[in-house]
Structures are given as structure tokens and as C-alpha cells.
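A quick write-up on the structure given underneath.
There are 2 protein chains.
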Amino acid sequence: MAVSQRPGGRSARVRAAVLTAARGLLVDGYAELTVERIAQAAGVNKTSIYRRWTDLEGVLGDLLSEYASEVVPIPDTGKLDTDLEELASLIRRGMTGEPGELITALAAAAPRNPRAAQIVRGFFAERFGLAEAVVDHAVARGELPDDTDAQAAIEVLGAPFFLRLLVVDKPIDEDFARRTAAAAVTALRAGVFSRTRRPLHSGG
Amino acid sequence: MAVSQRPGGRSARVRAAVLTAARGLLVDGYAELTVERIAQAAGVNKTSIYRRWTDLEGVLGDLLSEYASEVVPIPDTGKLDTDLEELASLIRRGMTGEPGELITALAAAAPRNPRAAQIVRGFFAERFGLAEAVVDHAVARGELPDDTDAQAAIEVLGAPFFLRLLVVDKPIDEDFARRTAAAAVTALRAGVFSRTRRPLHSGG
Numbered sequence: 001m002a003v004s005q006r007p008g009g010r011s012a013r014v015r016a017a018v019l020t021a022a023r024g025l026l027v028d029g030y031a032e033l034t035v036e037r038i039a040q041a042a043g044v045n046k047t048s049i050y051r052r053w054t055d056l057e058g059v060l061g062d063l064l065s066e067y068a069s070e071v072v073p074i075p076d077t078g079k080l081d082t083d084l085e086e087l088a089s090l091i092r093r094g095m096t097g098e099p100g101e102l103i104t105a106l107a108a109a110a111p112r113n114p115r116a117a118q119i120v121r122g123f124f125a126e127r128f129g130l131a132e133a134v135v136d137h138a139v140a141r142g143e144l145p146d147d148t149d150a151q152a153a154i155e156v157l158g159a160p161f162f163l164r165l166l167v168v169d170k171p172i173d174e175d176f177a178r179r180t181a182a183a184a185v186t187a188l189r190a191g192v193f194s195r196t197r198r199p200l201h202s203g204g
Numbered sequence: 001m002a003v004s005q006r007p008g009g010r011s012a013r014v015r016a017a018v019l020t021a022a023r024g025l026l027v028d029g030y031a032e033l034t035v036e037r038i039a040q041a042a043g044v045n046k047t048s049i050y051r052r053w054t055d056l057e058g059v060l061g062d063l064l065s066e067y068a069s070e071v072v073p074i075p076d077t078g079k080l081d082t083d084l085e086e087l088a089s090l091i092r093r094g095m096t097g098e099p100g101e102l103i104t105a106l107a108a109a110a111p112r113n114p115r116a117a118q119i120v121r122g123f124f125a126e127r128f129g130l131a132e133a134v135v136d137h138a139v140a141r142g143e144l145p146d147d148t149d150a151q152a153a154i155e156v157l158g159a160p161f162f163l164r165l166l167v168v169d170k171p172i173d174e175d176f177a178r179r180t181a182a183a184a185v186t187a188l189r190a191g192v193f194s195r196t197r198r199p200l201h202s203g204g
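Protein chains in written order, with UniProt numbering: chain A, 1 to 204; chain B, 1 to 204.
Rendered as C-alpha cells:
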């Protein structure tokens, strides 16, 4: 029988069961999550998980790729400030739910697990890359200098969320998102991310 | 004999040997670091390490506390922009050397290790707290609004360094430090971190 080769076959069912189980267990956080618990909840053998995903981080990476493949609506309101405010709100919602747990788990594994590091870096590179469109649109509208470094600006927008997620024990709420967006807009408009401008002492 | 009770006694010698060994091994990064290797390099028994520090993160936390106890010179140039530029440069140097490896290692362990989480949070809270003086001085000089949230501003200054350290595979160099400082200065001067101001749509 070639059932296991078919997209809807046994292999796909195992994957779905394992990812659903991991997702369910992640609700309780990463600290207690193990391959053993996932196997038990999914009703599969532990060795099947190790064979397919190598380790816990492999399962989490696969789960994250499910989110990564979802279509992310990049804000396009026609103005930089409202675009970045919406983007910050999207990041906030993305980070405070299940993807936040996943990113925390994978970022935590990254220094010891090259595969986890690759997944986290790939995820951020892809998401940040999409978000750069907001800055590029503002450049096209003449709101920002032509030589604005969109990548650097999006990093500055996203970084405070990441710091709160991993280190600073304070809420990631809408006020925080709005202020983070405002900081990025102000710096962008002042030309801080212009590639040719000397950052300080030239315009302050 | 009460030698192990004296500051310069056996206990202190073991601690010094273990921390020196851990420091030496950290040069090769966190990925390969184990209690076993530290014990071997320090010439002590593995169980002595577990008894005293519980786990690898305990050793690293102790090592980090050595850095945390060093006197950090908080810039005081008399101007906000040069103060923040110097502060960014200090953060850069702090994060690119051995403390960066330690912070990465401990931040990585944090989601599964409450003690590591506490150490990392405590370290950042202490350092960020010291850095707030730069903003407070600018408020006292009348450079910034009275109700400026120094803590939030320092978070925005420090966050991009943390993001690069853990996730974004790009250099933490002086250009990056200068631009990060410039973004924070610009946002501060625009009143983004003023507690009473609506962040966007009010002054842009």
C-alpha cells in the first residue's frame, strides 16, 4: 500500500496529530513541553517524532512554519504613521499569542541548536522583509528620503517587542505598541535611517 | 579546620577556579559548554559544581554577577545626544564581548530555567535602571519634558542590540550603535516618551 505517500495518508495524519498536540500543550507554556508529552497527547510513538523532526525544536519549527505561511496583511493606509501603528499592533497580536510562545521557545533553543537558530532567523527575516514594504511605500510617496534603510527601521520597530517577550517583564499592550510605532516614525521622518546622513550632530 | 569558611579559603578557591574555567570555555561560545567541561578545566569534581550552583546556568549567573558588580561609568557629557551616543557605545562593547555570550546563554535558558530568567531580568533591570540617569539628567537640564518615561526610552535604546545579539545576524558595530542612539534621541526630543502625550497623530 502506498497510503503513506499520499498527502492525506498516514504520514500527513501523524504530522497533523503531532502539531495539534504540540499546539495544545504550548498553551501551558514551553517550560513543561517535551517530546514525550507531545507523543502521548498525539497518540503516536516517541520514536516517530524523533525520526521525523529530530527533536522538540524541529516540531516547534514546523509549527512556526504554519504561521509563517499564513498570509500577513501588510498595512497600506496611505500614510506612514498609521501604517506603522497598524504594523506595531499586528506585531503585538502576533507576539502575545501562541506564536509568541513558539518564538520564545525557538529563540531560547537557538544558541545550542543550529536548526532552531535557522528557523528563528528565517522567520524574522521573512516577516521583517514583508514589513519593509511599509517604509518603501512611504519613500515612494515622498514621505521619506530615497535612501532610507527600511530594514534598519523595521528592526528598531520590532526590537522592543522582542525585548519584552524575552527579558523585560512588562506588558506588551496597545499603548506600548503605539509608543514603539511613534518612536520609529519620528526617527524615520528625522532621517535617522537615511543611509547618507550622519546619525547625530548634523540635524539635532 | 575552618578554612572553607574564610573568604580566601578552599571554598573561595573553588569558586575562582570554576568561574575562571567557565570564562575560558565561553570564549568558544555557549553551544559546547557543559558542567562536565567546566569541572575538568577547573580541576574540581562535577558534583561540587552541582552542589554549589545547581546547574550550568547557576555558574553563568554567578559569572554575570561579577560583571554586574563592576562599576559602570554612566555618560554625563552635559548633552542628551552625546550622552546617549556614549551609552550606546558602552552597550555595544558590553554585548559584543564575553558578557554578550553570557547574556545569550542565560536568556536562552530563561524560558525553561526560572533562575536563569531571574538573573537575566535582574541584570537588565539593574543596567537599564542605571542608564535612566542619562534621561533624568536631560530632564533636569530642561532638554526633555518633565514627564518623560526614562525607563521606556532606555528600553527602546537597548532593544535593537538585544535583537541583533539573539536573532538578527548582522554586526553590532559603531555605526549601528550611533544610529540606534540617534533614533532614541529623536523620539525623546519629539516627546514620544512623555507620559501625557498621545504618541501619534498629535504632533507628527
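For each residue, glycine too, the CB sits at the ideal point set by N, CA and C. A quick note: this is a predicted structure, and the numbers were derived from the prediction, not measured.
Original post:
If you measure from the beta carbon of Tyr30/B to each beta carbon in chain A, is any gap under 8 Å?
Top reply: The residue given as residue 30/B occupies position 30 in the second sequence. Yes, Tyr30/B counts as interfacial toward chain A.
**OP:** Determine whether the Cβ of Ala183/A lies closer than 8 Å to any Cβ atom of chain B.
**Re:** As a working note, residue 183/A is residue 183 in the first sequence. Yes, its Cβ sits closer than 8 Å to a Cβ of chain B.
**OP:** Answer yes or no: does any C-beta atom of chain A fall closer than 8 Å to that of Val27/B?
**Re:** Residue mapping note: residue 27/B aligns to position 27 of the second sequence, counting from 1. At a cut-off of 8 Å between C-beta atoms, Val27/B does not count as an interface residue with respect to chain A.
Original post:
For Thr196/B, which of helix, strand or coil comes out of DSSP?
Top reply: Taking the first residue of the second sequence as 1, we reach residue 196/B at position 196. Correct three-state label for Thr196/B: coil.
**OP:** Specify the secondary structure class of Thr148/A as computed by DSSP and reduced to three states.
**Re:** Within the first sequence, residue 148/A is the residue found at index 148, counting from 1. Looking at Thr148/A - three-state DSSP - the assignment turns out to be strand.
Subject >> Cβ of Thr20/A within 8 Å of any chain B Cβ >> reply: Residue numbering aside, residue 20/A sits at position 20 when the first sequence is read from its first letter. Under the Cβ distance rule, Thr20/A does not count among the residues neighbouring chain B, no pair being separated by less than 8 Å.
Subject >> Own chain, CB closer than 7 Å to Val131/B, minus 5 neighbours either side, in chain order >> reply: The residue you call residue 131/B lines up with position 131 of the second sequence. The sequence given here has Ala at residue 131/B, not Val. Around Ala131/B, the same chain offers Ile74, Leu87 and Ile154 as residues with beta carbons nearer than 7 Å, after the five sequence neighbours per side are excluded.
Original post:
When we look at the beta-carbon of Pro199/B and count the other beta-carbons within 10 Å, is it buried (16 or more) or exposed?
Top reply: Counting from one through the second sequence, the residue named residue 199/B turns up at place 199. Its pLDDT being 47, under 50, Pro199/B is placed unreliably in this model, and the value from its coordinates should be taken loosely. If you draw a 10 Å sphere on the C-beta of Pro199/B, you find 16 or more other C-beta atoms in it, and that means buried.
Original post:
What residues from chain B crowd round Ala39/A, counting only those whose CB sits closer than 7 Å?
Top reply: In the first sequence, residue 39/A corresponds to position 39, counting from 1. Close partners of Ala39/A in chain B (Cβ separation under 7 Å) are lacking, with about 19 Å as the shortest Cβ gap.
Original post:
Should Gly100/A go down as buried or exposed, given a rule of 16 or more other Cβ atoms within 10 Å for buried?
Top reply: Against the first sequence, residue 100/A aligns to sequence position 100. Residue environment analysis places Gly100/A among the buried positions, since at least 16 neighbouring C-beta atoms fall within 10 angstroms of its C-beta.
**OP:** Would you verify that the beta carbon of Glu132/A is, or is not, closer than 8 Å to some beta carbon of chain B?
**Re:** Mapped onto the first sequence, residue 132/A falls at position 132. No, Glu132/A lies away from the interface with chain B (no Cβ there is under 8 Å from its Cβ).
Original post:
Looking only at its own chain, which residues have a Cβ that is under 8 Å from the Cβ of residue 206/A, when we skip the five neighbours before and after it?
Top reply: A question about residue 206/A goes unanswered here, because the residues of chain A that appear run from 1 up to 204.
**OP:** Go through its chain and collect everything with a Cβ distance to Leu56/B's Cβ below 6 Å, but skip five positions before and after it.
**Re:** Taking the second sequence and counting its residues from 1, the one referred to as residue 56/B is at position 56. Here the set comprises Val35.
Original post:
Does any CB atom of chain B fall closer than 8 Å to the CB of Leu163/A?
Top reply: Here residue 163/A corresponds to residue number 163 of the first sequence, with the count starting at 1. Yes, Leu163/A lies at the interface with chain B (some Cβ there is under 8 Å from its Cβ).
Original post:
Applying a beta-carbon distance threshold of less than 7 Å, which residues of chain A neighbour Thr186/B?
Top reply: Counting from one through the second sequence, the residue named residue 186/B turns up at place 186. Ordered by position in chain A, the residues that pass the 7 Å Cβ test against Thr186/B are Thr186, Ala187, Ala190 and Val192.
**OP:** Alpha carbon to alpha carbon, how far is Phe128/B from Val135/B? Give it in angstroms, no decimals.
**Re:** As a first step, residue 135/B must be located in the second sequence, where it is residue number 135. As a first step, residue 128/B must be located in the second sequence, where it is residue number 128. C-alpha of Val135/B to C-alpha of Phe128/B: approximately 11 Å in a straight line.
Subject >> Close beta carbons around Thr96/A, own chain, < 8 Å, minus the five adjacent residues each side >> reply: Here residue 96/A is taken as the residue at index 96 of the first sequence, counted from 1. Counting only Cβ-Cβ distances below 8 Å, and skipping sequence neighbours, we find Ile172.
**OP:** Determine the direct distance from the alpha carbon of Phe162/B to that of Arg15/B, and round the result to whole angstroms.
**Re:** For the purposes of this step, residue 15/B is identified with residue 15 of the second sequence, where counting begins at 1. For the purposes of this step, residue 162/B is identified with residue 162 of the second sequence, where counting begins at 1. So the two alpha carbons sit approximately 29 Å from each other.
**OP:** For the UniProt domain "HTH tetR-type" (11-71) of chain A, list the alpha helix (DSSP H) runs that are entirely contained and at least 4 residues long, ordered along the chain.
**Re:** Runs found: 35-42, 46-53 and 56-68.
Original post:
Does DSSP put Glu143/B in a helix, a strand or coil?
Top reply: As a working note, residue 143/B is residue 143 in the second sequence. Assigned with DSSP and collapsed to three states, Glu143/B falls in coil, not helix or strand.
**OP:** Would you mind working out which of Pro145/B, Gln151/B and Arg195/B sits nearest Asp169/A, comparing C-alpha positions?
**Re:** Here residue 169/A is taken as the residue at index 169 of the first sequence, counted from 1. Of all alpha-carbon atoms in Pro145/B, Gln151/B and Arg195/B, the one lying nearest the alpha-carbon of Asp169/A is that of Gln151/B.
**OP:** Could you give the DSSP three-state label for Asp175/B: helix, strand or coil?
**Re:** Along the second sequence, read from residue 1 onward, the residue named residue 175/B stands at position 175. It is helical.
**OP:** Indicate whether the contact test is met: 3 or more Cβ pairs, each with one atom in the region 114-121 of chain A and one in the region 179-196 of chain A, closer than 8 Å.
**Re:** No: the two stretches stay apart, fewer than three of their Cβ pairs being nearer than 8 Å.
Original post:
Looking at the C-beta of Leu87/A, does it have a partner C-beta in chain B at a distance below 8 Å?
Top reply: Counted from its first residue, the first sequence places residue 87/A at position 87. Not one chain B Cβ lies under 8 Å of Leu87/A.
Subject >> Segment limits, alpha helix (DSSP H) that includes Thr96/B >> reply: Translated into the one-based positions of the second sequence, residue 96/B becomes position 96. Start and end: Leu80 to Thr96.
Original post:
Going by C-alpha distance, which of Gly94/B, Glu85/B and Thr186/B is nearest Asp76/B?
Top reply: Here residue 76/B refers to the residue found at position 76 of the second sequence. Minimum Cα distance to Asp76/B is reached at Glu85/B.
Original post:
Out of curiosity, what's the CA-to-CA distance linking Gly203/B and Ala110/A?
Top reply: As a position in the second sequence, residue 203/B is number 203, starting the count at 1. As a position in the first sequence, residue 110/A is number 110, starting the count at 1. For Gly203/B, the predicted structure reports a pLDDT of 42, less than 50, and the residue's modelled location is therefore unreliable. The matter cannot be settled from this model.
Original post:
Can the beta-carbon of Ala181/B be found closer than 8 Å to that of Leu166/B?
Top reply: Taking the second sequence and counting its residues from 1, the one referred to as residue 181/B is at position 181. Taking the second sequence and counting its residues from 1, the one referred to as residue 166/B is at position 166. Not closer than 8 Å, so no.
Subject >> Pair within 8 Å by beta-carbon distance, Ala41/A and Ile49/A >> reply: As a working note, residue 41/A is residue 41 in the first sequence. As a working note, residue 49/A is residue 49 in the first sequence. Inclusion of Ala41/A and Ile49/A in the CB contact set at 8 Å is not warranted, their separation being larger than that value.
**OP:** Figure out for me which residue from Arg37/A, Arg179/A and Arg189/A has the closest Cα to the Cα of Asp146/A.
**Re:** Residue numbering aside, residue 146/A sits at position 146 when the first sequence is read from its first letter. Ranking Arg37/A, Arg179/A and Arg189/A by CA distance to the CA of Asp146/A puts Arg189/A first.
**OP:** State the Cα-Cα distance for the pair Arg23/B and Arg52/A, rounded to the nearest angstrom.
**Re:** In the second sequence, counting from the first residue as 1, residue 23/B sits at position 23. In the first sequence, counting from the first residue as 1, residue 52/A sits at position 52. Cα-Cα distance, rounded: 37 Å.
Original post:
Hey, how far is the Cα of Asp81/B from the Cα of Ala177/B?
Top reply: The count along the second sequence starts at 1 and reaches residue 81/B at position 81. The count along the second sequence starts at 1 and reaches residue 177/B at position 177. Linking Asp81/B to Ala177/B through their CA atoms gives a straight-line distance of about 12 Å.
Original post:
Is the shortest distance between the beta-carbon of Asp169/A and the beta-carbons of chain B less than 8 Å?
Top reply: Looking up residue 169/A in the first sequence gives position 169. So, interface residue.
Original post:
Hey, does Gly158/B have any beta-carbon neighbour from chain A nearer than 8 Å?
Top reply: Within the second sequence, the letter at position 158 stands for residue 158/B. Yes - at least one Cβ of chain A is within 8 Å of the one on Gly158/B.
**OP:** Label Ala138/B either buried or exposed according to how many other C-beta atoms from any shown protein chain fall within 10 Å of its C-beta, with 16 as the threshold for buried.
**Re:** Position 138 of the second sequence, counted from the first residue, corresponds to residue 138/B. So Ala138/B counts as buried.
**OP:** Could you work out which residues of chain B lie near Thr104/A, taking near to mean beta carbons separated by less than 7 Å?
**Re:** Within the first sequence, residue 104/A is the residue found at index 104, counting from 1. Residues of chain B with a Cβ closer than 7 Å to the Cβ of Thr104/A are, in chain order, Pro111.
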